[in-house]
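>
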Amino acid sequence: MNLPTVAFLLTLPVAIVAGAFLNEPVHAEGGAPVEIGEAVPAENLHIVTEPGRYGLGPELPGSHYAIIGNTLVRIDAETSVVQSIIRKVEGILD
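My numbering puts the first residue of the sequence shown at 1067, with every later residue one more than the last.
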């Protein structure tokens, strides 16, 4: 095997695991899946007040970081519409 083939084969398991994680649905406390573009009721999310505790920089203007279930997301500050799904978290740190 040549070097590029070996490098590809070594990264393949990581890509498969990452792909499986990224395709997992995010669930609110009630168990319903949450998708990008969906408004989440305030009782189903925790607004992050200290982004640095999660390894994040400042919030983007007009948005908040939030936790839904055990997933870190970015939501619209006014409408609570999910703008992006960031990653899983172990728990609320702030």
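The C-beta atom is built at its ideal place from N, Cα and C for all residues, glycine as well.
Report back the beta-carbon spacing between residue 1155 and residue 1103 to the nearest angstrom; my notes put them in contact at under 8 Å.
Going by Cβ atoms, the distance from residue 1155 to residue 1103 rounds to 21 Å, so no, they are not a contact pair.
> Can you tell me which of the three DSSP states residue 1163 falls into?
Because residue 1163 is not part of the residues shown, which for the chain are 1067 to 1160, the question remains open.
> If you check the beta carbons only, do residue 1112 and residue 1158 fall under 8 Å apart?
yes
> Less than 8 Å between the CB atoms is what I'm expecting for residue 1110 and residue 1134, so what's the real figure, rounded?
6 Å
> Which partner residues does residue 1132 have in the DSSP bridge list?
In the DSSP assignment, residue 1132 is bridged to 1113 and 1139.
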